[in-house]
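Peer 1:
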Amino acid sequence: MAVKYQDYYEILGIPRDASAKDIKAAYRKLARKWHPDLHTGKKKDEAEEKLKRINEAYEVLKDNDKRAKYDRLGENWQAGQEFDGADRDGFHYYRTNINPEDLGGFSDFFASLFGVPGAAGTSPFQSASRPGQDIETNLDLTLEELYHGGNKSIRLTSRQLCPDCQGQGLRGRGFCSRCGGTGNLPEEKNLDIKIPPGVYAGSTIRLKGQGSQGLGGAAAGDLYLKVNLLPHPLFKVQERDLETSISLRPEQAVLGDKVKAPTLEGSVTVTIPAGSRNGSRLRLKGKGLPLKEGGRADQYLLIQIDIPRDLTEEEKNLYRKLKEIRQGGDGK
Numbered sequence: 001m002a003v004k005y006q007d008y009y010e011i012l013g014i015p016r017d018a019s020a021k022d023i024k025a026a027y028r029k030l031a032r033k034w035h036p037d038l039h040t041g042k043k044k045d046e047a048e049e050k051l052k053r054i055n056e057a058y059e060v061l062k063d064n065d066k067r068a069k070y071d072r073l074g075e076n077w078q079a080g081q082e083f084d085g086a087d088r089d090g091f092h093y094y095r096t097n098i099n100p101e102d103l104g105g106f107s108d109f110f111a112s113l114f115g116v117p118g119a120a121g122t123s124p125f126q127s128a129s130r131p132g133q134d135i136e137t138n139l140d141l142t143l144e145e146l147y148h149g150g151n152k153s154i155r156l157t158s159r160q161l162c163p164d165c166q167g168q169g170l171r172g173r174g175f176c177s178r179c180g181g182t183g184n185l186p187e188e189k190n191l192d193i194k195i196p197p198g199v200y201a202g203s204t205i206r207l208k209g210q211g212s213q214g215l216g217g218a219a220a221g222d223l224y225l226k227v228n229l230l231p232h233p234l235f236k237v238q239e240r241d242l243e244t245s246i247s248l249r250p251e252q253a254v255l256g257d258k259v260k261a262p263t264l265e266g267s268v269t270v271t272i273p274a275g276s277r278n279g280s281r282l283r284l285k286g287k288g289l290p291l292k293e294g295g296r297a298d299q300y301l302l303i304q305i306d307i308p309r310d311l312t313e314e315e316k317n318l319y320r321k322l323k324e325i326r327q328g329g330d331g332k
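Residue numbers (this note's numbering): 1 to 332.
#1: Quick one: measure Cβ to Cβ for ASP306 and ARG249, integer angstroms, because I've assumed they're closer than 8 Å.
#2: Measure from the alpha carbon of LEU282 to the alpha carbon of each residue in THR271, ALA219, ILE193 and LEU291, then state which is nearest.
#3: State the DSSP-derived secondary structure class of PRO250, mapped to helix, strand or coil.
#4: Could you compute how far the alpha carbon of LEU318 sits from the alpha carbon of GLU243?
#5: Count the other CB atoms within 10 Å of the CB of THR269; is the residue buried (16 or more) or exposed (fewer)?
#6: Mind checking who LEU301 pairs with in its DSSP beta bridge?
#7: Roughly how many whole angstroms lie between the Cα atoms of PRO196 and GLY149?
#8: Candidates ARG296, LEU230 and LYS258: which alpha carbon is nearest GLU265's?
#9: PRO131 and ALA218 - do their beta-carbons sit closer together than 9 Å?
#10: Suppose you measure from the CA of GLU59 to the CA of CYS179; what does that come to, to the nearest Å?
#11: Taking the C-alpha atoms as reference points, what is the distance between ILE303 and GLU239?
#12: Report yes if the C-beta distance between GLN133 and GLY221 is below 9 Å; otherwise report no.
#13: What is the DSSP secondary structure of PHE83, counted as helix, strand or coil?
#14: Just checking my contact of GLU136 with SER158 at CB under 8 Å: how many whole Å lie between their CB atoms?
#15: The alpha helix (DSSP H) that contains ARG326, what's its start and end?
#16: Could you tell me the distance, in whole angstroms, from the CA atom of LEU301 to the CA atom of GLY286?
#17: Can you grab the Cα-Cα spacing for the pair GLY328 / LEU255, in whole Å?
#18: Which one or two residues does DSSP pair with ILE14 in a beta bridge?
#19: On the DSSP letters alone, give me the boundaries of the beta strand (DSSP E) that GLY41 sits inside.
#20: For a test of your reading of the model: does the CB of GLY288 fall under 8 Å from any non-hydrogen atom of the ligand FAD? Yes or no.
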């Protein structure tokens, strides 16, 4: 019996040379878009049918062996043409008369190529044990959390095995209605994590066993938290050093002074040397972020000279006097 060729690449909207990562990404996007729970009425029926074809395409293309067999077939058949199920290129294609009810969510083309799911000796699905996938996500930290470490609660959205089909995506001879054949369901959970002091932006914190559930009793995957540093209103981070600005009045810069400056451990008193220029930097040793090899990096104070806006008449007269003196000399 001839059946119509199914173009699984076209169904997922990907090229024939798509990588495994691209195949998975396309599948997840389409599975979310056409999940029946997101539609009503006739659209729900249409979504169910589309999701069957999407699941079928993914079931073939995600498996290297089935994809290779399908690709060999695709060299000789085009979408829309009929496929008669004959033996070609050393592969057996099933030619038995197939009861449509036995196919569940699979097309007759799929059954002709791989056999009827669940039939003895022909099932392309195996209830094998498989470790859970690792999950990677960003962990946003303030500069203070990066510096001091401590405990932090986060809310994580992940995908866990569907309890009805145990991650297989199938129930009986068809797709699992609860997960739409995806094998997993979204899950939100709260995690209390310990941030070690001295972590740095771009580093990764590993939480063992907090990834996706394993299949068939296998171990769960791990959760990897990639540290992302949030902007800070006072400090800039330059590798492990810190930089912040400090404003001085003209007389403080000229004559020197003692002023307060912020650090991550609180304010400290800093001696401003006489003759400090705008844009110059003062170094506060050991006031930066923790170093991997121990100790701490440095903090730098960027000097900015600020002219007061509320000068008294007496202060203005002194500036005029200074101007006269400078003009009477060499002007330098």
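The beta carbon of each residue, even a glycine, is placed where N, CA and C say it ideally should be.
Peer 2: With the structure as the only source:
#1: Contact holds; Cβ gap of about 7 Å.
#2: Minimum Cα distance to LEU282 is reached at THR271.
#3: Assignment of PRO250 by DSSP, reduced to helix, strand and coil, places it in the helix class.
#4: Per the coordinates, the alpha-carbon of LEU318 lies some 34 Å from the alpha-carbon of GLU243.
#5: With fewer than 16 Cβ atoms within 10 Å of its Cβ, THR269 is classed as exposed.
#6: For LEU301, which the question treats as bridged, DSSP gives the partners THR244 and LEU282.
#7: So the two alpha carbons sit approximately 5 Å from each other.
#8: When each option's Cα is compared against that of GLU265, the closest is ARG296.
#9: Yes. Within cutoff.
#10: Approximately 15 Å, taken between the alpha carbons.
#11: CA-to-CA, the gap between ILE303 and GLU239 works out to about 20 Å.
#12: Yes, they are a contact pair.
#13: Residue confidence is low: PHE83 scores 46 on pLDDT, short of 50, so the model does not pin down where it sits. No coordinate-derived value is stated.
#14: Contact between GLU136 and SER158 is absent: CB atoms are separated by about 11 Å, not below the 8 Å threshold.
#15: In the DSSP annotation of this structure, the continuous segment of the alpha helix (DSSP H) that includes ARG326 starts and ends at 313-328.
#16: LEU301 and GLY286: Cα-Cα distance of roughly 13 Å.
#17: If I take the Cα positions, the gap works out to 21 Å.
#18: Note: ILE14 sits in no beta bridge, so no partner.
#19: Looking at the DSSP string, GLY41 is not in any beta strand (DSSP E); the run it does join, the alpha helix (DSSP H), is 41-61.
#20: What this structure holds is no ligand at all, so the ligand FAD is not there to describe.
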